[in-house]
Amino acid sequence: MGNERRHQTQRPGRLLEAKLNTEQLATLHSLETFGWELKFVRMPLFQDAVPVVFDGSREKFAILNPDGTLDENSDIVIRD
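Counting in the numbering used here, the sequence shown runs without a single skipped number right up to 158 at its last residue.
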């Protein structure tokens with residue numbers, strides 16, 4: 079019984095955060111205080127990662143640009 083099979087795993091959100099740069103992380107942490115959450119990161123080939131955040135009510139979404147600014151008028155399509 080000495081072999082422990084359970085492993086500590088990181089929260090999925092923290093794994094997504096590993097794909098963000100310093101500016102994006104700073105913006106994300108500020109947004110989290112207002113209920114926003116990093117939902118997913120799109121990884122288009124040969125392009126920068128596209129982190130997508132949603133507000134607490136899940137009514138609005140935005141993109142975290144590489145410079146840390148928030149783009150609430152993105153042309154990204156989100157499926158229902």
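Ideal Cβ placement from N, Cα and C applies to all residues, glycine included.
These numbers come from a predicted model, not from an experiment.
Considering only their Cβ atoms, is the gap separating residue j from residue i smaller than 7 Å?
i, j, result
"Leu94", "Val119", "yes"
"Pro129", "Leu142", "yes"
Suppose the cutoff is 6 Å on Cβ atoms and the five residues either side in sequence are ignored; what does the same chain contact list for residue i look like?
i, result
"Thr144", "It is worth fixing the name first, because residue 144 is Pro in this sequence and not Thr. Around Pro144: Asp126."
Rounding to the nearest angstrom, what Cα-Cα distance links residue i and residue j in this structure?
i, j, result
"Arg92", "Thr111", "16 Å"
"Leu140", "Leu98", "Before going on, a small fix: residue 140 reads as Ala here, not Leu. Approximately 15 Å, taken between the alpha carbons."
"Asp153", "Asp133", "17 Å"
Tell me the DSSP secondary structure of residue i in three-state form.
i, result
"Ala96", "coil"
"Glu115", "strand"
"Ala127", "coil"
Quick one, which of the options has its alpha-carbon nearest residue i's?
i, options, result
"Glu137", "Glu101, Ile156, Ala96", "Ile156"
"Thr100", "Phe132, Gly146, Gly134, Leu123", "Gly146"
"Met121", "Leu109, Ala96, Glu150", "Ala96"
Among the residues of its own chain, which have a CB less than 8 Å from the CB of residue i, if the five just before and after it don't count?
i, result
"Leu106", "Glu95, Leu98, Trp114, Leu116, Pro129, Val131, Leu142"
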